[in-house]
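Data block below; observations after.
Numbering (our numbering), first residue to last: 15 to 376.
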């Protein structure tokens, strides 16, 4: 067989990136042309993610149900006080679409008065999920994730005066199918493949849940809908990026251990199926997607030793993103933080940025 008749996946993918046009690649637009670019791109991104398909099936009322309220000082898990200060934890269920209720933990600060600024914190893969995000470890591994990888994002937020909303990510944590997991399959695998049959994607389903959380925030007087921070780690970082790109109600996006070029990460390194959105790269590269957040503040937080999302690809993507923010006179609202470590959450890259340019910044 001739060399050009062999199908080598790496070479084939390189050809795809070389030969396929990105319809909404940023091309130096300025002024009103940037608004037009964002409007057209945002609509197509919603479609590729499957949000229009979800919406077409009907959007039910959220029917929010509070199922539990716990003071952090008496939390049976016992992990919260060690990770942060005193707060109240509420457990809620929201109907984000017909036949599905999303579990959400809400941490409320003991200090301060409502309406509280809001931080939506989205976890990624890893044992525990929302339990870890809210500082309630149940195993040695979960305690390690908090101690060494700082994945207790919701606790970090509530300690800074935010009402922290921590949803379970579909296919993970308490929304993983235990039978799938025991057979060696990730629930993400099944959900992603089945979603594609209907013109949806698991990434889009997770983004949809965040947009419904924003609906919930708008409908609650104790939350300040004009001060909303969205942050996520790893797969949660992907959700945060896409949700901020398609929903302008997000005031600031902090993406941890995900921002990179698609070519250097998703297409070059094996990832869980939930990272792949059919048709996405035909619209734009990851810096183009992040450009939909502009001029709202955006920070990418990555470890220099992260082998899942290589820092070289992150730097290349960020350089391209800077040009978009510069075109809308918002260069100071776009930042890259490089942590001295691997694939983890870096609070020092997130919260000082929030304080400097976030909704409460002077």
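Virtual Cβ for every residue (Gly too), placed ideally from N, Cα, C.
Do you know whose CA, among 352, 336, 259, lies nearest residue 345's CA?
336
For residue 326, which residues in the same chain have their Cβ closer than 8 Å to its Cβ, ignoring the five residues on either side in sequence?
278
Scan the stretch 90-139 and note each continuous beta strand (DSSP E) run of 3 residues or more that stays entirely inside, going in chain order.
101-111, 114-123, 130-136
Using a threshold of 9 Å, state whether the C-beta atoms of residue 366 and residue 240 are closer than that.
no
Would you list the one or two residues that DSSP bridges to residue 267?
244, 312
Name the DSSP bridge partner or partners of residue 349?
313
Bounding residues of the alpha helix (DSSP H) (the contiguous stretch that carries residue 83)
Careful: residue 83 lies outside any alpha helix (DSSP H), inside the beta strand (DSSP E) at 79-85.
Going by alpha carbons, who is nearest to residue 8 out of 329, 349, 77, 147?
No answer is possible for residue 8: the residues shown for the chain start at 15 and end at 376.
The stretch 289-298 contacting the stretch 314-322, beta-carbon criterion three pairs below 8 Å
no
Check each candidate in 216, 116, 202, 270 and name the one with the smallest Cα separation from residue 355.
270
Per DSSP, residue 179 is paired with what?
120, 134
Less than 9 Å separating the beta-carbons of residue 54 and residue 82?
no
Just to confirm my understanding: we take residue 214, look at its own chain, exclude 5 residues before and 5 after, and list those with CB closer than 7 Å. What are they?
64, 67, 68
Three-way DSSP call (helix, strand, coil) for residue 320 in this model
coil
Around the C-beta of residue 94, are 16 or more other C-beta atoms found within 10 angstroms, so that it is buried, or is it exposed?
In this prediction, residue 94 has a pLDDT of 40, which is less than 50 and means its spatial position is unreliable; what the coordinates show is noted afterwards. Buried.
Pairs of beta-carbons, one from the stretch 125-133 and one from the stretch 42-51, closer than 8 Å: are there three or more?
no
Please classify residue 70: is it buried, with 16 or more other beta-carbons within 10 angstroms of its beta-carbon, or exposed?
exposed
Cβ atoms of residue 139 and residue 348: under 9 Å apart, would you say?
no
Backbone secondary structure at residue 237 - three-state DSSP
strand
Put residue 143 into one of helix, strand or coil per three-state DSSP.
coil
If contact is defined by three or more beta carbon pairs under 8 Å, each pair taking one atom from either stretch, is the stretch 179-187 in contact with the stretch 143-163?
yes
Measuring CA to CA, which of 80, 126, 122 is closest to residue 107?
80
Endpoints, alpha helix (DSSP H) assigned at residue 200
It is not in any alpha helix (DSSP H) - residue 200 carries neither H nor E in the DSSP assignment.
With burial defined as no fewer than 16 other Cβ atoms inside 10 Å of the residue's Cβ, what is the status of residue 112: buried or exposed?
exposed
Does the stretch 218-234 come into contact with the stretch 257-270, if we say contact requires no fewer than three beta-carbon pairs (one atom in each stretch) closer than 8 Å?
yes
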